[in-house]
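Chains A and B, in that order, give the protein sequences. Count the first sequence with full-length UniProt numbering and you get residues 1 to 361, in order. Count the second sequence with full-length UniProt numbering and you get residues 1 to 361, in order. In this text, a Cβ means the ideal position worked out from N, Cα and C, and glycines have one as well. All values reported here derive from a predicted model rather than from experimental measurement.
Number of protein chains: 2
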Amino acid sequence: MYVLYPLIMKTKYTSIIDIAKQLNISKSTVSRALTGHPNVHAQTRKAVLDLAQQMDYQRNSLALGLTRHHTNTIGVLVPEFMSTYFPSVILGAQEVFQAAGYQVVICHNNESYDMEVANVKLLLSYRVDGIIASHTKETRNFDHFRLVQRHGIPLVFFNRVSEELNVPNVVVDDYSAALEAVEHLIKTGRRRIAHLAGPDSLINSRLRRQGYLDALKKHKIPIDPGLMLSYDLTIEKVRIYMKHFLELPAPPDALFAINDPTAIAAMEVVKEKGWSIPEDIAIVGFSNDFSAQLVFPRLTTVSQPTLDIGRESARLLLQELQSGAKPDYTNRKAPCVQLKTKLIIRDSSVRKPVVKKKGKK
Amino acid sequence: MYVLYPLIMKTKYTSIIDIAKQLNISKSTVSRALTGHPNVHAQTRKAVLDLAQQMDYQRNSLALGLTRHHTNTIGVLVPEFMSTYFPSVILGAQEVFQAAGYQVVICHNNESYDMEVANVKLLLSYRVDGIIASHTKETRNFDHFRLVQRHGIPLVFFNRVSEELNVPNVVVDDYSAALEAVEHLIKTGRRRIAHLAGPDSLINSRLRRQGYLDALKKHKIPIDPGLMLSYDLTIEKVRIYMKHFLELPAPPDALFAINDPTAIAAMEVVKEKGWSIPEDIAIVGFSNDFSAQLVFPRLTTVSQPTLDIGRESARLLLQELQSGAKPDYTNRKAPCVQLKTKLIIRDSSVRKPVVKKKGKK
DNA sequence: CTGTTAGCGCCTTCAG
DNA sequence: CTGAAGGCGCTAACAG
């Protein structure tokens, strides 16, 4: 494919040469003045800075990256941002990166593997100094991430991490959190607990499922394979599977959902059928999305420290960046940070003890 | 400030020179083979392509941008993404940009003006080919956007547009939408309608407020200035102001909120006070965020075609890009696209006629 | 079809 | 304190 690009060279950016000419000095001096090098006469520096300002000088990162081999920029790779999870993580990460003097560039792939690969290459070609990422639900081949490592640029995974890649990562204890959530259901009297699991390509999906299974085992509740379904995280599938559950001869009396959007979509189906939550069926989600406290009844869920996940990912990356160590981890185990979750019990799993009602005014 | 960067040049990227040497040909030939130039012997091309693959060759966009003067990259600037509005717009925009062969880079500033300025300069220094943006609520000085125009790079505003800048933009008819929403409240019998408006720095905030005022005027409802408050879009303020409203000697019987998060926070306050929605007070929001259909009662709101807003913004930018016209709009009015909104009436403003109840099973 | 040369904008020696 | 020269990786124009 040979693409002809239209020449969009309109108003020329001013370069250091332009301002060097104006001032009748060499471009080296201009460069030094601009970058804050100590060996420049104060007067010269001022002249340069003033003229630069006046001429709208905008340093060319492309050229800079070309010589410097690094750009002071970090790439962030996320699969989606329709839930509040990733936006919030990004917020936390950005906070730390900015404080460290790094700019952040975000790439979003809408759960598309091809897009993810393209974005990784884009970031690589931008010569970002590091990348933090959560892969798509489609990602089974991690070669593009290996490429990142081979280029020696630090990489940190969060949330959706990879087992086959030795990459620093920050996660929560999905297994224990799921176990605790399901135990909560068991302790509140539920016995036929269904689980809507995510795709096997996601490690936290597998871990949460294992937590679910082990909770049942621990409490000697027989496992009914018919009550456990893996799906692709699309809302349509939730509806189909949930309807299926409810129409079972022996329907579940509780649902543990892989995440909050799933739980919420499931609640919708339950309500449409005219069942009551939590009386007829209890629902528990995962992540404590913003919407979890909004739905009616309010959703019991596992809260994740999203801001901290972002912050920790950033710190981990910064650490790699500063250590200057070879980031291929051939000789060492990549560091892994595990953050705490918290089960938030709301109305979707436990009946409210008392309903207070005040009159108007 | 003179910062010393650690030399992070680890595994060297392979360049066309490396592969030229290996193959004992010139780098021009390699370049031609790689870019798909027709004048290359098929055999040579294959050799180059194979070796490139084998050596993890990753074309250096920096160098490319340096020579080509454009980067095939678009910058997207958003103030926040805690509501579903901006994520959804980005989704739509990305769809169009990708189809046109552009990569998208997102910058997020968390409503900080300084951050916005920094991000604009970053994008400029990256030499992006175009920018679509929604400014922060703090932005009153648009010099950084003027800078973009002066550099001749196309710019499109969406949602939060600027009056003092002649920039193509895509918006909805905030005024009429607000008017319709408030008329809905009036027609369903409300008379003391409060309004929580956004800051004056946001044009759509001003337009929605005007729609509110004109709806009252049109229906000869006296305007009570005490029922209208502008605030900074933080949840804490919503709570304070809403409490204030409810404690008024003559409290409002309806609220028109600048956006859905505001409406939802207000509902929370109402519920805490023990009042019923919509019986005691009706609530109407704006934008039809994902959460609008989740809250209880479900929120009446004005739906915005967020995906289309993104798509249209992208199309507008592409158009500017292709026209190659000087994007300073000194001689012409910048194009403006206005998209349709739709009032979605839900339970927060109108009592449900019948409550159907089915038994279990 | 292929090699040579020049230059994009910047920084970094190396000499003054 | 400042200038000259070289090079980062790539493409484009000009010769073959």
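In this model, I16/A and S31/A are separated by some 7 Å (Cα to Cα). The same chain holds no residue with a CB closer than 7 Å to that of P225/A once the five nearest residues on each side in sequence are set aside.
The C-beta of V269/A comes no closer than 8 Å to any C-beta of chain B. When the five nearest sequence neighbours on each side are left out, no beta carbon in the same chain lies closer than 6 Å to the beta carbon of S176/B.
Within the model, the alpha-carbon separation for Q94/A versus K218/B is close to 47 Å. Proximity of chain B to A282/A at the Cβ level (cut-off 7 Å) is not reached, the minimal Cβ distance being about 14 Å.
When Cβ pairs closer than 8 Å are counted between the two stretches, the stretch 123-133 of chain B is seen not to touch the stretch 182-195 of chain B, the count staying below three. Note: Q103/B is bridge-paired with T73/B in the DSSP secondary-structure output.
Per DSSP, the unbroken beta strand (DSSP E) holding H195/B starts and ends at 193-197. Interface with chain A (8 Å Cβ-Cβ cutoff): F81/B is included.
Across the stretch 191-202 of chain B, no CB contact with chain A closer than 8 Å is found for any residue.
When DSSP reads this structure, V170/B sits in a beta bridge with F158/B, V337/B. The residues Y212, M228, F256, in chain order, have a CB closer than 6 Å to that of H195/B in the same chain once the five nearest residues on each side in sequence are set aside. Annotated three-state conformation of K342/A is strand, per DSSP. The distance from the Cβ of A292/B to that of D253/B is about 21 Å, inconsistent with a contact at the 8 Å cut-off. Nearest C-alpha to F245/B among I25/B, T234/B, S349/B, M267/B: M267/B.
Rounded to whole angstroms, the Cβ separation of I153/A and V104/A is 15 Å, and the two are not in contact under 8 Å. Here V170/B is near V337/B, since their CB atoms are less than 8 Å apart. Each of S287/B, R160/B, P278/B, R208/B was checked against the Cα of V182/B, and the nearest Cα belongs to R208/B.
The three-state reading of DSSP puts H219/B in coil, since its state is none of H, G, I, E or B. Taking each of I281/A, L165/A, D308/A, A265/A in turn and checking the Cα distance to A250/A, the smallest one comes out for I281/A. Remark: three or more beta-carbon pairs, one from each stretch, lie closer than 8 Å, so the stretch 60-72 of chain B and the stretch 61-69 of chain A are flagged as touching.
H151/B has a beta carbon lying within less than 8 Å of a beta carbon in chain A. Sequence-ordered contacts of the stretch 86-111 of chain A with chain B read P87, S88, I90, L91, Q94, Q98, G101, Q103, V104, V105, I106, C107, H108, N110 [C-beta pairs closer than 8 Å].
Given a length threshold of 3 residues, each whole run of the beta strand (DSSP E) inside the stretch 285-313 of chain B is given here in chain order: 301-303. One Cα belongs to L155/A, the other to V117/A, and the distance between them is close to 15 Å.
Within the DSSP secondary-structure output, S15/B pairs in no beta bridge. With contacts defined by Cβ atoms closer than 8 Å, I106/B and V76/B form a contacting pair.
With fewer than three CB-CB distances shorter than 8 Å, the stretch 301-318 of chain A does not count as touching the stretch 16-27 of chain B. Within a 10 Å sphere around the beta-carbon of Q58/A sit 16 or more other beta-carbons, which makes this residue buried. At least one C-beta of chain A is nearer than 8 Å to the C-beta of A63/B.
Annotated three-state conformation of L255/B is strand, per DSSP.
Annotation: Cβ neighbours of D56/A in chain B (cutoff 8 Å, chain order): L147, R150, H151.
Taken atom to atom, the span from the alpha-carbon of R140/B to that of S201/B is near 6 Å. Assigned with DSSP and collapsed to three states, L213/B falls in helix. DSSP places V78/B within a strand segment (E or B) once states are collapsed to three.
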